Amino acid sequence: MKAIGFERHLPVDHPEVFRAFDLPVPEPGSHDLRVAVEAVSVNPVDTKVRAPRHADPDHPDNRADPAPRVLGFDALGVVDAVGDSVTRFQPGDVVFYAGDIGRPGSNAEFQLVDEAIVGHAPRGIEPADAAALPLTALTAWETLFDRLGLAPDGEDAGTPILLINGAGGVGSMAIQLARAAGLRVIATASRPESRQWCLDLGAEVVVDHFADLPAQLAEHGISEIPAIACFNDLDRHYTAMAELVAPQGRLASIVGNKSPLPFQELRNKSVGFFWEYMFTRPRFDTADKGRQGEILDTVATMVEEGRVLTTRHEVLGEISAENLRAAHRALEGGHVIGKLVLSGFSD
Numbered sequence: 019m020k021a022i023g024f025e026r027h028l029p030v031d032h033p034e035v036f037r038a039f040d041l042p043v044p045e046p047g048s049h050d051l052r053v054a055v056e057a058v059s060v061n062p063v064d065t066k067v068r069a070p071r072h073a074d075p076d077h078p079d080n081r082a083d084p085a086p087r088v089l090g091f092d093a094l095g096v097v098d099a100v101g102d103s104v105t106r107f108q109p110g111d112v113v114f115y116a117g118d119i120g121r122p123g124s125n126a127e128f129q130l131v132d133e134a135i136v137g138h139a140p141r142g143i144e145p146a147d148a149a150a151l152p153l154t155a156l157t158a159w160e161t162l163f164d165r166l167g168l169a170p171d172g173e174d175a176g177t178p179i180l181l182i183n184g185a186g187g188v189g190s191m192a193i194q195l196a197r198a199a200g201l202r203v204i205a206t207a208s209r210p211e212s213r214q215w216c217l218d219l220g221a222e223v224v225v226d227h228f229a230d231l232p233a234q235l236a237e238h239g240i241s242e243i244p245a246i247a248c249f250n251d252l253d254r255h256y257t258a259m260a261e262l263v264a265p266q267g268r269l270a271s272i273v274g275n276k277s278p279l280p281f282q283e284l285r286n287k288s289v290g291f292f293w294e295y296m297f298t299r300p301r302f303d304t305a306d307k308g309r310q311g312e313i314l315d316t317v318a319t320m321v322e323e324g325r326v327l328t329t330r331h332e333v334l335g336e337i338s339a340e341n342l343r344a345a346h347r348a349l350e351g352g353h354v355i356g357k358l359v360l361s362g363f364s365d
């Protein structure tokens, strides 16, 4: 089968950053689906996994393990074969999923994935549009409803939530899920086109995350917020988050910090801080791993009902080394709105 991967962790502009490989078609384990991949989306996690470990391209630290390493943590495809213990799917089913960071990814003609973390793809939309959804939908859902403790069914309707970096892939999905749950959505974005993107997705208020957040929100009569999610640059935004969060509120972040954070600032407010990592459930084989498949099925229904839109912003072309390089370069530039998608393999 065709696959796009790398043997060394290299800068995005290195001529050998990605290569095409001919690999054996994998055989499914007992709970696996083998999926014929039709479309994939590229995420910041791909760039982080691929990034150089050492400035010298030939340094041993830059050797991929396993090699070649195949990335890709979003896919839409058709079930080609199933393991003997699979119960939820059969060959021919159209599915979408993010997968498991510890296994070969979706930048290949065929991929194995545990059925527990797979959803039935939404009907009535293009494969590229569906491929843009899984990782960000799961991350946004787990952030809002598992980490911040908000109710997806409207019980917390009217509750304000602040989403930092609302125009990114996760933020774009979080706006829609929060709006569908009846929350009052406040998002951040810095450019006119990204501000409009957030408003179009359902944000009520959009402020600039490069300016003074508390001051801007005060202009809208907002002085404290019970739930805040950070989707970009935690170090930059932590002080404002700690100031704005309401007593007994919750903070969540999908991005790590580079410097120590003064968590003692949260103590007097009895505020909880939560990390969200979408790969936790599959990586640690948690007892509730199957929630990811359930969440994706729910999101698919919401898409079919028109309550959630794809966040696909651009289709860069087929799944190839050059197009993957272009996607990684764009993501590393830091100004991507929504999701970048690749669709199909060349003959």
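If you want the numbering used here, it's the position in the sequence shown, counting the first as 1, plus 18. Ideal Cβ positions, reconstructed from N, Cα and C, are used throughout, including at glycine. Model, not experiment: these values are computed from the prediction.
Practice item. Quick one: give me the first and last residue of the beta strand (DSSP E) that P152 is part of. Key: Position 134 of the sequence shown, counting from 1, holds the residue named residue 152. Taken as a continuous stretch (DSSP letters only), P152 belongs to no beta strand (DSSP E), being part of the alpha helix (DSSP H) at 152 to 159.
Exercise for review: At 3 residues or longer, and completely inside the region 245 to 291: list those beta strand (DSSP E) runs for me, N to C.
Suggested key: The region 245 to 291 contains, as complete beta strand (DSSP E) runs of 3+ residues, the segments 263 to 271 (chain order).
Review point. Can you find a heavy atom of the ligand MN that lies under 7 Å from the Cβ of R347?
Key: Here there are no bound small molecules, and the ligand MN is not part of this structure.
Check your understanding: Quick one: what's got a C-beta closer than 6 Å to A207's C-beta in the same chain, skipping five residues either side?
Key -> If you number the sequence shown from 1, residue 207 lands on position 189. So the list reads G184, A185, R213, C216, V224, once near-sequence residues are dropped.
Check your understanding: Among residues of its own chain, excluding the 5 on either side of H72, which ones have a beta-carbon nearer than 6 Å to its beta-carbon?
Key -> Position 54 of the sequence shown, counted from the start, is the residue given in the question as residue 72. Excluding residues within five positions, the ones whose Cβ falls inside 6 Å are D79, N80.
Check your understanding: For the region 236 to 245 against the region 166 to 182, are there 3 or more C-beta pairs whose distance is under 8 Å?
Key -> yes
Exercise for review: Take the Cβ of S271 as the centre, count every other Cβ of all protein chains shown within 10 Å, and call the residue buried at 16 or more, exposed below.
Suggested key: Stepping through the sequence shown from its first residue, residue 271 is reached at position 253. Buried is the call here.
Review point. To the nearest angstrom, how far is it from the Cα of G101 to the Cα of V131?
Key: In the sequence shown, residue 101 corresponds to position 83, counting from 1. In the sequence shown, residue 131 corresponds to position 113, counting from 1. Answer to the nearest angstrom: the Cα atoms are 10 Å apart.
Point to revise | Spatial distance of K357 from G187 (CA atoms) | key: Position 339 of the sequence shown, counted from the first residue, corresponds to residue 357. Position 169 of the sequence shown, counted from the first residue, corresponds to residue 187. C-alpha separation (whole angstroms): 6 Å.
Review point. Can you tell me whether P46 is buried or exposed, with buried defined as 16 or more other CB within 10 angstroms of its CB?
Key: Locating residue 46 in the sequence shown gives position 28, where the first residue counts as 1. Per the 10 Å Cβ criterion, buried.
**Study point:** Cβ-based burial, S288 [other Cβ within 10 Å; buried from 16]
**Key:** As a working note, residue 288 is residue 270 in the sequence shown. Exposed is the call here.
Review point. Sorted by chain position, which residues of the same chain lie with C-beta nearer than 7 Å to F281's C-beta, five sequence neighbours on each side aside?
Key: Counting from one through the sequence shown, the residue named residue 281 turns up at place 263. So the qualifying residues of the chain are F291.
Check your understanding: What did DSSP end up calling R165 once you bin it into helix, strand or coil?
Key -> Numbered from 1 along the sequence shown, position 147 holds the residue referred to as residue 165. DSSP places R165 in helix when its eight states are reduced to three.
Check your understanding: Per DSSP, S103 is paired with what?
Key -> The residue labelled residue 103 in the question sits at position 85 within the sequence shown. Partner(s): none; S103 has no beta bridge.
Practice item. Would you list the one or two residues that DSSP bridges to P29? Key: Here the question's residue 29 lines up with position 11 in the sequence shown. Bridge partners of P29: none, in fact.
Exercise for review: In angstroms with no decimal places, state the Cα-to-Cα distance between H32 and G90.
Suggested key: Residue numbering aside, residue 32 sits at position 14 when the sequence shown is read from its first letter. Residue numbering aside, residue 90 sits at position 72 when the sequence shown is read from its first letter. H32 and G90 have their C-alpha atoms roughly 19 Å apart.
Check your understanding: Does the Cβ of A229 have 16 or more other Cβ atoms within 10 Å, making it buried, or fewer, making it exposed?
Key -> Locating residue 229 in the sequence shown gives position 211, where the first residue counts as 1. Exposed, since its Cβ has fewer than 16 Cβ neighbours within 10 Å.
Review point. Residues in its own chain within less than 6 Å of A21 by CB, not counting five upstream and five downstream?
Key: Position 3 of the sequence shown, counted from the first residue, corresponds to residue 21. If we look at A21 and ignore the five residues flanking it on each side, its Cβ neighbours are F39, L41, V88, A126.
Point to revise | Proximity to E133 [Cα-Cα], best of L151, V113, E144 | key: The residue labelled residue 133 in the question sits at position 115 within the sequence shown. Answer by Cα proximity: V113.
Exercise for review: Can you grab the Cα-Cα spacing for the pair V317 / I119, in whole Å?
Suggested key: Against the sequence shown, residue 317 aligns to sequence position 299. Against the sequence shown, residue 119 aligns to sequence position 101. Going by the C-alpha atoms only, they are around 21 Å apart.
Point to revise | C-alpha distance - D366 paired with D171, whole-angstrom precision | key: This structure gives no information on residue 366, because the portion of the chain shown stretches from 19 to 365.
Review point. Helix, strand or coil for I204 per DSSP?
Key: In the sequence shown, residue 204 corresponds to position 186, counting from 1. Three-state result, I204: strand.
Point to revise | Selected residue, minimal CA-CA separation from D74, among A205, D306, H27 | key: Here residue 74 refers to the residue found at position 56 when the sequence shown is read from its first residue. Check the Cα spacing between D74 and each of A205, D306, H27: the tightest is with H27.
Review point. Less than 8 Å separating the beta-carbons of T329 and A146?
Key: Numbered from 1 along the sequence shown, position 311 holds the residue referred to as residue 329. Numbered from 1 along the sequence shown, position 128 holds the residue referred to as residue 146. Result no, Cβ atoms of T329 and A146 do not sit closer than 8 Å.
Review point. Does the Cβ-Cβ distance between L168 and L162 come in under 8 Å?
Key: Looking up residue 168 in the sequence shown gives position 150. Looking up residue 162 in the sequence shown gives position 144. Taking 8 Å as the Cβ cut-off, L168 and L162 qualify as a contacting pair.
Exercise for review: Would you mind reading off the limits of the alpha helix (DSSP H) that contains V63?
Suggested key: Residue 63 sits at position 45 when you count from the first residue of the sequence shown. 62 to 68 is the extent of the alpha helix (DSSP H) around V63.
Point to revise | Cβ-based neighbour list, E336, same chain, cut-off 8 Å, excluding 5 preceding and 5 following | key: Taking the sequence shown and counting its residues from 1, one reaches residue 336 at position 318. Contacts found: L360, S361, G362, F363, S364.
Practice item. May I ask you to report which of helix, strand or coil DSSP gives P178? Key: As a working note, residue 178 is residue 160 in the sequence shown. Correct three-state label for P178: strand.
Practice item. Pick out whichever of V35, V43, A236 has its Cα sitting closest to the Cα of M18. Key: Lying outside 19 to 365, the shown extent of the chain, residue 18 is not represented and no answer is given.
Point to revise | alpha helix (DSSP H) segment containing H227, residue limits | key: For the purposes of this step, residue 227 is identified with residue 209 of the sequence shown, where counting begins at 1. Per DSSP, H227 lies in no alpha helix (DSSP H) segment and is marked neither H nor E.
Practice item. Kindly list the residues whose CB is nearer than 6 Å to the CB of E332, restricted to its own chain and excluding five residues on each side of it in sequence; keep chain order. Key: What you label residue 332 is simply residue 314 of the sequence shown in a count that begins at 1. Correct list, in chain order: L358.
Review point. Just how far apart, CA to CA, sit H77 and P29?
Key: Position 59 of the sequence shown, counted from the start, is the residue given in the question as residue 77. Position 11 of the sequence shown, counted from the start, is the residue given in the question as residue 29. Spanning the two alpha carbons is a distance of roughly 13 Å.
Check your understanding: What are the boundary residues of the alpha helix (DSSP H) that A339 is part of?
Key -> As a first step, residue 339 is located in the sequence shown; it is residue number 321 there, counting from the start. First-last of the alpha helix (DSSP H) with A339: 339 to 351.
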